[in-house]
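Numbering (UniProt numbering) for the sequence shown: 1 to 254. Heads up, the beta-carbon is just placed ideally off N, CA and C, and yes, glycines get one too. Just so it is clear, the structure is predicted and the values come from calculations on it, not from any experiment.
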Amino acid sequence: GYRVFTELAHKDRGWCCGAGCRHCPFNHANVKDKAGKIKQPAFLYQREDSGKPIKVLFNSGGKDSFLTLRALERQPQKSEVIFLTTFDATNRTIAHQNVPIHDVQRQAEHLQITLLGIPLHRGSGETYVSRILKGLEVIEATYGRSVDTLVFGDLHLDHIRSWREDQLGSLGYKREYPLWRVPYQELIQDLEASRVPCIVSASTVDSVQVGTLFSRDLYDSLVSGGKVDGFGENGEFHSLAHVWEVDRDVALGR
C-alpha cells in the first residue's frame, strides 16, 4: 500500500531528510526538534549506554512515574533505565495528563535518563500495543540487546494492571510494578524527600485545581473529604514532576 511505497522511497534516498516524515525508516535521525516533529518512535534524549539490563519505564511525566523511577534507583541491582512516553501525534501532549511532550523531554535531559517518544496517530488503525512494540524494537535495534523488563507506576487498580498483563504480557517481557500497594504515606514521604514539586496539570474534580502543588496538605484534605483518591489514582487529577527545579542526585535519591 501507500505506506510501504513511501517507506521504500525514503529508503532509496538513503538518509533522513530531517522533516519528521510519518514513514521515516531512519528513526528521525536528522530531525532537530524531535519532540515537535517525529511521526514514528524515536529517541528524544539519549545518554551513553551503561551496558546493564534494560528496564523500560512507562513515563507519563507525573508523580507516580517519578516515584517509580526513585524506586528503581534504590534497587541493589542497577539497570539501564529508559523512559517510554506515548503522546498524541497532532497536539504533542500526553493523554489525560495535559502535559506537552517537550516537558517530559526536559525531565529526561535533567535526570540524564534516555527517553523514547512514541507518537500515537488517531484514526490510523494501528493499535496501542503495535505502537509500543515498534518503540521497543527501536530500543533493541539501537542497543543491540533485548529489553529485559517493562516497568509501570500503577498503585492499586487491579483492572489497569490486568489490562497491562493481558495486552503487553504476550510481548514476552518481564513486567514490574515497584509501587504496587505501597502505602500512600510512604509515597508521600518519598516525594517529600525528593524535594521535587509536582504540579497538578489536569483535573476532573473541583477540589483539585490545575496549577496546585501536590503536597501532604492537599493529600490530607482529599482523604478527609472521602470522595477523591488521595493520589488521584482513579483519574481525578494528574501532575507534572518539575524535576529540573532540584539537583539531579537529590531528585533521584542518590
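For my contact list, residue i and residue j are in at a C-beta cut-off of 8 Å; report their separation, rounded to the angstrom.
{"i": "PHE66", "j": "VAL196", "result": "6 Å"}
{"i": "VAL129", "j": "ILE139", "result": "Wrong, their Cβ atoms sit about 16 Å apart, outside the cutoff."}
{"i": "ILE132", "j": "LEU187", "result": "Incorrect: roughly 26 Å between the Cβ atoms, too far for contact."}
What does DSSP give as the partner residues of residue i in its beta bridges?
{"i": "THR85", "result": "GLY117"}
{"i": "CYS198", "result": "ALA241"}
{"i": "GLU80", "result": "ILE54"}
{"i": "PRO100", "result": "THR93"}
{"i": "VAL147", "result": "ILE54"}
{"i": "SER203", "result": "PHE237"}
{"i": "TYR45", "result": "LEU115"}
What do you reckon, are the CB atoms on residue i and residue j nearer than 8 Å?
{"i": "VAL151", "j": "ILE113", "result": "no"}
{"i": "VAL243", "j": "GLN75", "result": "no"}
{"i": "VAL200", "j": "PHE214", "result": "yes"}
{"i": "residue 267", "j": "ASP166", "result": "Any question about residue 267 goes unanswered here, given that the chain covers just 1 to 254."}
{"i": "PHE231", "j": "TYR177", "result": "no"}
{"i": "ARG145", "j": "ILE54", "result": "yes"}
{"i": "THR85", "j": "LEU115", "result": "yes"}
Relative to the alpha-carbon of residue i, which residue among the options has its alpha-carbon at the smallest distance?
{"i": "LEU120", "options": "ARG92, GLU137, PHE214 and GLY51", "result": "ARG92"}
{"i": "CYS198", "options": "ASP206, VAL208, THR212 and SER207", "result": "THR212"}
{"i": "PHE58", "options": "LYS34, SER79, GLY117 and GLY36", "result": "GLY117"}
{"i": "ALA202", "options": "GLN97, GLN40 and GLN75", "result": "GLN97"}
{"i": "TRP180", "options": "ALA71, LYS55 and VAL56", "result": "ALA71"}
{"i": "SER239", "options": "GLN40, GLY61 and GLU140", "result": "GLY61"}
{"i": "PHE87", "options": "TYR173, VAL99 and GLU73", "result": "VAL99"}
{"i": "ARG47", "options": "ILE132, TYR143 and ALA35", "result": "TYR143"}
{"i": "GLU249", "options": "GLY51, GLU73 and VAL56", "result": "Here the sequence assigns Asp to residue 249, which means Glu is not the residue at that position. Here the closest residue by C-alpha is GLU73."}
_What ranges does the alpha helix (DSSP H) occupy inside the segment 214-246, keeping only unbroken runs of at least 4 residues that lie completely in it?_
Whole alpha helix (DSSP H) segments, 4+ residues: 216-225.
*Uninterrupted alpha helix (DSSP H) stretches inside the segment 157-201 (no shorter than 4 residues)*: Counting whole runs of 4 or more residues, the segment 157-201 contains the alpha helix (DSSP H) stretches 158-168 and 184-194.
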